[in-house]
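See structure below.
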Amino acid sequence: LPTVVLVGRPNVGKSALFNRLIRRREALVYNTPNDHVTRDVREGVAKLGDLRFRVLDSAGLEAEASSGSVLSRTAGMTKKVLEQSRVAVFLIDARDGLQPMDQDVGRWLRKHASGIKTVVVLNKAESLYFTGTLPVAVREAYTLGFGEPIALSAETGLGMTELYDALRPLLEDFVLQYANDDIDEDTTPSDTEESKVPLQLAIVGRPNVGKSTLLNAILQEDRVLVGPEAGLTRDSIRVEFEYEGRTIYLVDTAGWLDRTKKERGPATLSIVQSRKHLMRAHVVALVLDAEEIAKARRTMKHAEVVIARRAIEEGRGLVVIVNKIDLLRGNENSKIYQNVLKAVPEEIQTVIPQVTGIPVVFVSALEGKGRIAVMRQIVETYEKWCMRLPTARLNRWLRKVMSRHSWKDQAAQPKIKYFTQVKARPPTFVAFLSGKNQLSETDIRFLTRSLKEDFDIGGIPIRITQRSVL
Ligand code: GDP
Numbered sequence: 188l189p190t191v192v193l194v195g196r197p198n199v200g201k202s203a204l205f206n207r208l209i210r211r212r213e214a215l216v217y218n219t220p221n222d223h224v225t226r227d228v229r230e231g232v233a234k235l236g237d238l239r240f241r242v243l244d245s246a247g248l249e250a251e252a253s254s255g256s257v258l259s260r261t262a263g264m265t266k267k268v269l270e271q272s273r274v275a276v277f278l279i280d281a282r283d284g285l286q287p288m289d290q291d292v293g294r295w296l297r298k299h300a301s302g303i304k305t306v307v308v309l310n311k312a313e314s315l316y317f318t319g320t321l322p323v324a325v326r327e328a329y330t331l332g333f334g335e336p337i338a339l340s341a342e343t344g345l346g347m348t349e350l351y352d353a354l355r356p357l358l359e360d361f362v363l364q365y366a367n368d369d370i371d372e373d374t375t376p377s378d379t380e381e382s383k384v385p386l387q388l389a390i391v392g393r394p395n396v397g398k399s400t401l402l403n404a405i406l407q408e409d410r411v412l413v414g415p416e417a418g419l420t421r422d423s424i425r426v427e428f429e430y431e432g433r434t435i436y437l438v439d440t441a442g443w444l445d446r447t448k449k450e451r452g453p454a455t456l457s458i459v460q461s462r463k464h465l466m467r468a469h470v471v472a473l474v475l476d477a478e479e480i481a482k483a484r485r486t487m488k489h490a491e492v493v494i495a496r497r498a499i500e501e502g503r504g505l506v507v508i509v510n511k512i513d514l515l516r517g518n519e520n521s522k523i524y525q526n527v528l529k530a531v532p533e534e535i536q537t538v539i540p541q542v543t544g545i546p547v548v549f550v551s552a553l554e555g556k557g558r559i560a561v562m563r564q565i566v567e568t569y570e571k572w573c574m575r576l577p578t579a580r581l582n583r584w585l586r587k588v589m590s591r592h593s594w595k596d597q598a599a600q601p602k603i604k605y606f607t608q609v610k611a612r613p614p615t616f617v618a619f620l621s622g623k624n625q626l627s628e629t630d631i632r633f634l635t636r637s638l639k640e641d642f643d644i645g646g647i648p649i650r651i652t653q654r655s656v657l
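The numbering of the sequence shown is UniProt numbering, which starts it at 188 and goes up by one.
What follows is the structure, given as C-alpha cells:
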C-alpha cells in the first residue's frame, strides 16, 4: 500500500484525522528511539472511499516543533518516515490561521520532502463554512506554496470528500489494484475522466419512504423487488440504467435494500451509512414521505436534515423528492395539501440557507407518476454541477457585476484582477486580487448569488475562494 504521512505542529488535529481515516481499524503504535528520545508513530490502514493506503501519524515533527529545538535532532527519524511516504498531508488549524510554526513545518517539508507530494489541509474548518471566513483561511494557506489547500473537519467528517478528491490522483495507480476487494467498486472521477463516467446517483431516505418503489418506477420494470420476501443478495444488485442516452449508476442500492429489509419497523435513516453513499454520489436524491409530513409537526426529521446538509456541504448535487403525494389526494384544495407543497421548499431553504433553489419534486412512486420530473431534475442538477464557464466569459461577466455592487467604503474595495473557474463538480472559482483589500463575506455572497442567477446554476453548491497576485 502507498503511504501517506500526516504532519503538522501540535494540536492541529493529526490524531483526529488519523482516527477518522482508520475508523475502527487497528492502529499500530511503535516506538522509534532516536537520540534517546522515544517517539510514537501510529500506523494504520486508511480507507477513504475506494482508496486504501497506509497512514502514519508522525509525532516526530510535532515533538521537534513544540520543543523548538534544532531540526536535526528528529530529522533522522522523520526523514525516514517521509522517505517511506508517497504523500504528506500537512495539517494546519483553520481557526488559528497560519502560525510561524506552520511556516517552519512548511520549510522543513520543502527541504526534506521535495520528492513527495504535499497536500495542505485546513483542519477544524467546520465553523468557517458558514461564517464565510473560509476563503480568507484558504488564501493564507495557499501562500505556503503547496498548491490549493483543502478545508475539512476531522472531528465531524465534513470535507473528507475534498481530501478524497485530492488524494485520489496521487494514489490512483493503487486504486485499481484494491478496488475489487470491497463492494465499493465505483469511484468519484477526477476531472480529466469526468465525461466518461456515468452519473452516480444515490437515493437516500428513511426506510418505507418508498425508495424501492421509486426505483421501480424509474426503471419501469420490476428489476428491484420491494418487500421483505424479496430475497435479494447484495451482489445481485448493481443497478445501471439509461436515461435519454445517459448512463446512470445507482450508488450502493444494495446497501439500503438490505438495510430496509432488516430495519423495517424502526423508521430510522442511518446517517453513517448515508454519508458513505454521499461521498461516491454526484447527485443525492433524498426521498421524504408526504403523508408523514402532513401528519407530523416537523417537516423533516433530524436525520433527513443532517443528510441534506451534508450532501451540500460535501459539494454534491441535491434533489428532494416528496413521495406518496397520492395519499393526500382528494385534498388538493385542503390546507394540509397546500401546506406540504409549501413546507418542504421552505424547510429546505431554512436548513440550507447557503444554496437557494434546491429542486423539490412531488411524486407518487406507487402510481408510477413523477418519473420524468424526477429524472429531469436529477440530470439538470448534474449538468449544473459539471458546468464549466470559460474564463473570458466570466471576466466579461465580472466587469458588469462589479459595477452593480455597491461598495460601502470605496477605499476598501477589492480589486479583482481576474476570475476563473478552477474546477467543476461542483463549480469552484478563484478570484485573483491585486492590492491589499480582500473580498469580504458579503462580497463573496454577492458574487455567489450573481453567478447563480446569471449563469443559471442555482440549486447546487458552488465555491469561491480568493488569492493574491502581485
Ligand atoms: P423503502 O424502504 O424506502 O425502499 O420503501 P418501499 O419502496 O419499500 O415502500 C414502503 C411502502 O410504501 C410500501 O408498502 C410501498 O408500497 C409504499 N409506497 C411507496 N411509494 C408510495 C407512493 O407513492 N404512494 C403510496 N401510497 N405508497 C407508497
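Backbone N, C-alpha and C fix where the C-beta goes; we use that ideal spot for every residue, glycine too.
query, result
"For residue 311 and residue 244, believed in contact at Cβ under 8 Å, the rounded distance", "The pair is not a contact, with the Cβ atoms about 17 Å apart (cut-off 8 Å)."
"Residues that residue 476 bridges to, as DSSP identifies them", "510"
"Three CB pairs or more closer than 8 Å across the stretch 387 to 398 and the stretch 336 to 345", "no"
"Residue 504 to residue 267 span [Cα, whole Å]", "42 Å"
"Contact test: residue 475 Cβ vs the ligand GDP heavy atom, cutoff 6 Å", "no"
"Any non-hydrogen atom of the ligand GDP within 6 Å of residue 396 CB", "yes"
"Start-end ranges of the alpha helix (DSSP H) lying completely within the stretch 515 to 541, minimum 4 residues", "522 to 538"
"Those residues which DSSP pairs with residue 427 across a bridge", "436"
"Opening and closing residue of the alpha helix (DSSP H) in which residue 493 lies", "489 to 500"
"Delimiting residues of the alpha helix (DSSP H) encompassing residue 587", "578 to 591"
"Rounded C-alpha distance that separates residue 473 from residue 542", "16 Å"
"Residue 270 burial status per 10 Å Cβ neighbour count (16 or more: buried)", "exposed"
"Whole-Å CB distance - residue 304 paired with residue 274, under 8 Å assumed", "5 Å"
"Exposure of residue 287, with buried meaning 16 or more beta-carbon neighbours within 10 Å", "exposed"
"Cβ neighbours of residue 465 in the same chain (closer than 7 Å, five flanking residues each side left out)", "389, 471, 497, 498, 501 and 503"
"Where the beta strand (DSSP E) containing residue 310 begins and where it ends", "304 to 310"
"Burial state of residue 280 (16 or more Cβ within 10 Å)", "buried"
"For residue 388, the residue or residues it bridges with in DSSP", "437 and 470"
"Residue 335, DSSP secondary structure in three states", "coil"
"Cβ-based neighbour list, residue 523, same chain, cut-off 7 Å, excluding 5 preceding and 5 following", "481 and 515"
"Validate contact between the stretch 549 to 560 and the stretch 399 to 408 using beta carbons, cut 8 Å, 3 pairs", "yes"
"Residue 560 - DSSP class collapsed to helix/strand/coil", "helix"
"Distance between beta carbons of residue 608 and residue 732, contact taken as under 8 Å", "Since the first residue of the chain shown is 188 and the last is 657, residue 732 is not available in this structure."
"Residue nearest to residue 644 in terms of C-alpha spacing, selected from 569, 618, 597 and 655", "569"
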